[in-house]
Amino acid sequence: MRKRKFSSYALSDKLFLIIGYLFLALFVLAIIVPLIYIVIASFMDPVTLQNSGVTFDFSKWTITAYKRVVENRQIWVGFGNAILYSVAFTFISVAVTMLAAYPMSRKDFKGRGFFNVVFVITMFFGGGLIPTYLLISKLNMLDTIWAIILPGAFSVWNMIIARTYYSNVPSELREAASVDGANEITYFFKVLLPVCKPVIMVLVMWQFVGMWNSYFDAMIYLSSDYKQPLQLVLRAILIQNQPQPGMIADMQSTAARAQLGELLKYATIIISSIPLLVMYPFFQKYFDAGIMAGAVKG
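Just so we're aligned, residue 336 is where the sequence shown starts under the numbering used here, counting upward by one.
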């Protein structure tokens, strides 16, 4: 069936499809090949990896890097913190975004144009690191979970996506809810939000991944070790296993630490990516509906 359909295309269309598939194949290879390399390299002996490269000789493989990472108690503390920060940040961020996007999608909302301009300005201009740090300090949020969650909880870009999705919902749905006696709150929570499930899932995925991979804010605002997220803990492990100044005289020790640091680098990439790899398949079916419906019209 597909061959018949392809043969019915014009020559220019066939060339366009072939070129498109070739570019798509190259793009997939550019993602898959490094991923396979990282997975294999994380199990290989560092000396063999450095001298011979990747090999499928299992006698040269080792789980030393994973043992070093997993046996570190701070890793589990970081895992717990990362999950807590990511879940709390995602919930607050998506809730604020959906609530803010609803009035901005209503054409009868007075001041809609003014607030749109204000929101867009914040996308291009920010206070900077030092003013933000001083603000966090004045609010007594340093070394607290709120310093990680609140500053970036509202995303104007996500609000625009949600606002556009709201605009695509048929107005007849609101009229039918009004006939049944539903007020704005009832309509929003019981009628509109269930319809907007695809865009909500997309925003949840975006915000969770963003917070999970974030370490800079935690590095700036958190000083207690037991509050550090996973990414910051893994960063510290990598730095600690790199050659230190003053060790140059001991070449053997320096080489061993460099090799172990290289091995740990691959293992930490795999460990920190596991939650996202497990999470993504459950959200994939919402991506097309959520992103495309929120980008059709503005």
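Cβ coordinates follow ideal geometry from the N, Cα and C atoms, glycine included.
Residues bridged to residue i by DSSP?
{"i": "methionine 379", "result": "Trp396"}
To the nearest angstrom, how far is the alpha carbon of residue i from that of residue j?
{"i": "isoleucine 410", "j": "arginine 570", "result": "11 Å"}
{"i": "leucine 508", "j": "phenylalanine 459", "result": "35 Å"}
{"i": "phenylalanine 454", "j": "valine 491", "result": "6 Å"}
{"i": "proline 580", "j": "methionine 439", "result": "The pLDDT assigned to proline 580 is 47, lower than 50, so where the model puts this residue is not dependable; a value taken from the coordinates is nonetheless given after this. Cα-Cα distance, rounded: 56 Å."}
{"i": "leucine 611", "j": "valine 544", "result": "7 Å"}
{"i": "phenylalanine 414", "j": "proline 564", "result": "7 Å"}
{"i": "tyrosine 372", "j": "lysine 532", "result": "36 Å"}
{"i": "methionine 433", "j": "tyrosine 615", "result": "22 Å"}
{"i": "valine 514", "j": "tyrosine 522", "result": "11 Å"}
{"i": "glycine 355", "j": "alanine 417", "result": "39 Å"}
{"i": "serine 347", "j": "leucine 361", "result": "21 Å"}
{"i": "threonine 399", "j": "asparagine 407", "result": "13 Å"}
{"i": "glutamine 577", "j": "valine 568", "result": "Only weak support is given to the placement of glutamine 577: the predicted model assigns it a pLDDT of 48, under 50, and the question is left unresolved by the model."}
{"i": "leucine 528", "j": "serine 394", "result": "55 Å"}
{"i": "glycine 446", "j": "valine 452", "result": "10 Å"}
{"i": "phenylalanine 449", "j": "methionine 546", "result": "30 Å"}
{"i": "glycine 462", "j": "serine 558", "result": "23 Å"}
{"i": "phenylalanine 634", "j": "alanine 365", "result": "Because the chain here runs from 336 to 633, residue 634 falls outside it and cannot be looked at."}
{"i": "threonine 467", "j": "serine 608", "result": "30 Å"}
{"i": "phenylalanine 444", "j": "proline 505", "result": "17 Å"}
{"i": "lysine 442", "j": "leucine 464", "result": "36 Å"}
{"i": "isoleucine 480", "j": "valine 412", "result": "14 Å"}
{"i": "phenylalanine 391", "j": "leucine 384", "result": "11 Å"}
{"i": "glutamate 519", "j": "valine 431", "result": "17 Å"}
{"i": "alanine 345", "j": "isoleucine 367", "result": "33 Å"}
{"i": "phenylalanine 617", "j": "asparagine 548", "result": "19 Å"}
{"i": "asparagine 386", "j": "lysine 402", "result": "23 Å"}
{"i": "leucine 469", "j": "glycine 516", "result": "48 Å"}
{"i": "glutamate 510", "j": "lysine 473", "result": "47 Å"}
{"i": "phenylalanine 524", "j": "asparagine 475", "result": "34 Å"}
Beta-carbon within less than 7 Å of residue i's beta-carbon, same chain only, minus the 5 sequence neighbours each way: which residues are those?
{"i": "valine 429", "result": "Ile535, Leu538, Val539 and Gln542"}
{"i": "isoleucine 484", "result": "Tyr420, Ala423, Phe424 and Ile427"}
{"i": "threonine 457", "result": "Val491"}
{"i": "isoleucine 606", "result": "Val404"}
Anyone know if the C-beta pair for residue i and residue j falls short of 8 Å?
{"i": "isoleucine 471", "j": "alanine 482", "result": "yes"}
{"i": "alanine 512", "j": "valine 530", "result": "no"}
{"i": "valine 363", "j": "isoleucine 375", "result": "no"}
{"i": "valine 404", "j": "threonine 603", "result": "yes"}
{"i": "tyrosine 556", "j": "leucine 477", "result": "yes"}
{"i": "alanine 436", "j": "methionine 494", "result": "yes"}
Tell me whether residue i counts as near the ligand GTP, meaning its Cβ is closer than 7 Å to at least one heavy atom of that ligand.
{"i": "tyrosine 550", "result": "Within the structure as shown, the ligand GTP is missing, as the structure has no ligands at all."}
Only counting the same chain, and skipping five residues up and downstream in sequence, which positions put a Cβ closer than 8 Å to that of residue i?
{"i": "lysine 632", "result": "With a pLDDT of 46 at lysine 632, under the threshold of 50, the modelled position of this residue cannot be trusted, and the question is left open."}
{"i": "serine 343", "result": "none"}
{"i": "proline 369", "result": "none"}
{"i": "proline 486", "result": "Thr467, Ile471 and Asp552"}
I'd like to know whether the C-beta of residue i is nearer than 8 Å to at least one C-beta of chain D.
{"i": "aspartate 552", "result": "You won't find chain D in this structure, because it holds only one protein chain."}
In its own chain, which residues sit with a C-beta less than 6 Å from the C-beta of residue i, not counting the 5 before and 5 after it?
{"i": "glutamine 566", "result": "Tyr550"}
{"i": "leucine 352", "result": "none"}
{"i": "threonine 397", "result": "Asp380"}
{"i": "aspartate 585", "result": "With a pLDDT of 46 at aspartate 585, under the threshold of 50, the modelled position of that residue is not reliable, and the figure given next carries that caveat. Correct list: empty, nothing qualifies."}
Query raised in the report: Touch check for the region 597-606 and the region 375-391: three-plus C-beta pairs under 8 Å?
Result: yes
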